[in-house]
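Enquirer: Residue numbers (the numbering used here): 867 to 1073.
#1: Under 8 angstroms: do the stretch 912–925 and the stretch 938–947 share three or more Cβ pairs, one atom per stretch?
#2: Rounded to whole angstroms, what's the CA-CA distance from residue 970 to residue 1044? Just pull it up for me.
#3: Where does residue 884 land, buried or exposed, given buried means 16+ other C-beta within 10 angstroms?
#4: Does the Cβ of residue 904 have 16 or more other Cβ atoms within 10 Å, making it buried, or fewer, making it exposed?
#5: How many whole angstroms separate the CB atoms of residue 1037 and residue 998, which I take to be in contact at a CB cut-off of 8 angstroms?
#6: What residues in its chain sit with their C-beta under 6 angstroms from that of residue 980, if we drop five residues either side in the sequence?
#7: Residue 1009 and residue 1026 look like a contact to me (Cβ under 8 angstroms); what is the Cβ gap, rounded to whole Å?
#8: Compare the C-alpha of residue 966 against each of 1012, 893, 1028, 877 and name the closest.
#9: Any chance the CB of residue 1015 is under 7 angstroms from a heavy atom of the ligand SAM?
#10: Using the beta-carbon count (16 or more within 10 Å), is residue 907 buried or exposed?
#11: Which one or two residues does DSSP pair with residue 997 in a beta bridge?
#12: Look at residue 936 and residue 886 and say whether their C-beta atoms are less than 8 angstroms apart.
#13: Using a Cβ-Cβ cutoff of less than 6 angstroms, which residues in the same chain neighbour residue 917 once the five nearest sequence positions on both sides are dropped?
#14: CA-CA distance, residue 882 and residue 933?
#15: Can you tell me whether residue 878 is helix, strand or coil according to DSSP?
#16: Could you tell me the alpha carbon to alpha carbon distance between residue 1016 and residue 899, rounded to whole angstroms?
#17: Considering only the beta carbon of each residue, do residue 1033 and residue 963 sit closer than 8 angstroms?
#18: Provide the residue span of the alpha helix (DSSP H) that contains residue 928, from first to last.
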């Protein structure tokens, strides 16, 4: 394939993420559109009939397992295996926050974060449309507003919503990287397509 050494080194990381996101995205599509769940069209429905100690359905538990294991692995991989980038610290924080949401929502069974961290989180191929439009419109609105309407004394309300807002800020941060990349291409500042998050090894050595 005539790949450059730095590109060849990133191939395992990219191939693994392609495999996982295809799997999780497909399973998320199945849960949202081919089952009786109405999480996507009616996000507040995740709170209907909720009570403490309720059982987690098997198909949702499988999604927890997929997402939780992936983000648990990603914390280690980002720190010790993947190519180190300018946003790697933010990436680590993202994985810790997401894994915390998944673990606590499963342990305490609050319905709001469950709806966010399982089906909707699997539907993120387009960073703007899914993370900066549908995420606030469907997830944050449901967890911040609808949750209190349906379950007035819902536990861990501020804890979960604070973590969700942290994820939103990180989504905005990464979207700015995309805007920067597009701007550099349009202005002719890039001779070849490179990841703007990566450090320039030559410049780093000179410094």
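Backbone N, C-alpha and C define an ideal beta-carbon position, used for all residues, glycine too.
All of these numbers come straight from a predicted model, not from anything done at the bench.
Expert: Let me spell this out:
#1: no
#2: 31 angstroms
#3: Around the beta-carbon of residue 884, fewer than 16 other beta-carbon atoms lie within 10 Å, marking it exposed.
#4: exposed
#5: 6 angstroms
#6: With a pLDDT of only 41 at residue 980, under the threshold of 50, the placement of this residue in the model should not be trusted; the figure read from the coordinates follows. Taken in chain order, the residues that qualify are 971.
#7: The pair is a contact, with the Cβ atoms about 7 angstroms apart (cut-off 8 angstroms).
#8: 1028
#9: Only the bare structure without any ligand can be found here, which leaves the ligand SAM out of the picture.
#10: The residue in question, residue 907, is exposed, as its Cβ has fewer than 16 Cβ neighbours within 10 Å.
#11: Residue pairing of residue 997 in beta bridges, as defined by DSSP: absent, with no partner found.
#12: yes
#13: none
#14: 14 angstroms
#15: The DSSP-derived three-state label of residue 878 is helix.
#16: If I take the Cα positions, the gap works out to 23 angstroms.
#17: yes
#18: Taken as a continuous stretch (DSSP letters only), the alpha helix (DSSP H) holding residue 928 covers 924–946.
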